[in-house]
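Some notes on the structure that comes next.
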Amino acid sequence: MKALEWIEERLRHAGCLRLYCGGLAVQAYGGTRPLNDIDLFIPAADFVPLVDNLHRYIRKPAIRQREAGWDLTYVQLVYDGIKIEIGSDDRPLIQNGATGEWCALTIDYAAAEWRRVANCTLPVMARSQLIAYKRVLQRDVDRVDVGEIA
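Count the sequence shown with this note's numbering and you get residues 1 to 150, in order.
Structure follows, in structure tokens:
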């Protein structure tokens, strides 16, 4: 996938820690749902410099947003027609789909599992952590994902 190779090259060049999550991580563990976008987190200290470097690809600006069960600072890029959503690890929250409560999401780079996806070897959120946050969110897509990889 051209967009994945592109963003991964830029992140490696910048020496940036990263943690892929969402549908791409689900695919890395054998999920079959079609990919909607590429989701990942990076350290807050690297976020602004990376956004500045990639400004010409920005579709949604780098601000704190609360939508679709997420409350976080992220930027949405588009490369080769693929959305790439990069979140800052600065206090991301997810909304419990059952109670509406906002819960902290811990971004644990040290627990990453290195997986091969589309010709790239990537640091992917640990399966147990991925399943745990998807069980909290409880959106339709999360239920499908958990059913495939749990």
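Yeah, the Cβ is synthetic: ideal placement off N, Cα and C, and Gly gets one too.
Mind checking who residue i pairs with in its DSSP beta bridge?
i, result
"G81", "Answer is none; G81 lacks a bridge partner."
"I94", "W70, C103"
"V75", "I86"
"L17", "In the DSSP output, where bridge partners are listed per residue, L17 has none listed."
"D39", "C21, E85"
"K60", "Q76"
"Q65", "L72"
Rounded C-beta distance between residue i and residue j? I'm assuming under 8 Å.
i, j, result
"T73", "D90", "6 Å"
"E148", "G30", "7 Å"
"I38", "I84", "5 Å"
"Q146", "R139", "The identity of residue 146 in the sequence shown is Val, whereas the question assumes Gln. Rounded, the Cβ-Cβ distance is 11 Å, inconsistent with contact."
"I86", "L50", "7 Å"
Could you tell me the distance, in whole angstroms, from the CA atom of residue i to the CA atom of residue j?
i, j, result
"V78", "G100", "31 Å"
"D46", "V75", "13 Å"
"N119", "G97", "34 Å"
"L151", "Y133", "Outside the displayed span of the chain (1 to 150) sits residue 151, for which this structure offers no information."
"T121", "R66", "31 Å"
"P43", "R18", "7 Å"
"R153", "D108", "Coverage of the chain is limited to positions 1 through 150, which leaves residue 153 absent and any answer about it impossible."
"I63", "D71", "10 Å"
"V48", "V144", "33 Å"
"R12", "K2", "15 Å"
"A150", "I131", "7 Å"
"C103", "L4", "29 Å"
"R115", "G81", "24 Å"
Please tell me whether, using a cut-off of 6 Å, the distance from the CB of residue i to the nearest non-hydrogen atom of the ligand GDP is below it.
i, result
"A3", "As for the ligand GDP, it is missing from this structure, which has no ligand bound."
> Would the stretch 20–33 and the stretch 120–128 be scored as touching if the rule is three or more Cβ pairs under 8 Å?
Replying inline: Judged by Cβ distances under 8 Å, the stretch 20–33 makes contact with the stretch 120–128, as three or more pairs qualify.
> Which ranges would you report for the beta strand (DSSP E) in the stretch 107–146 if only whole runs of at least 3 residues count?
Replying inline: 113–117, 120–124
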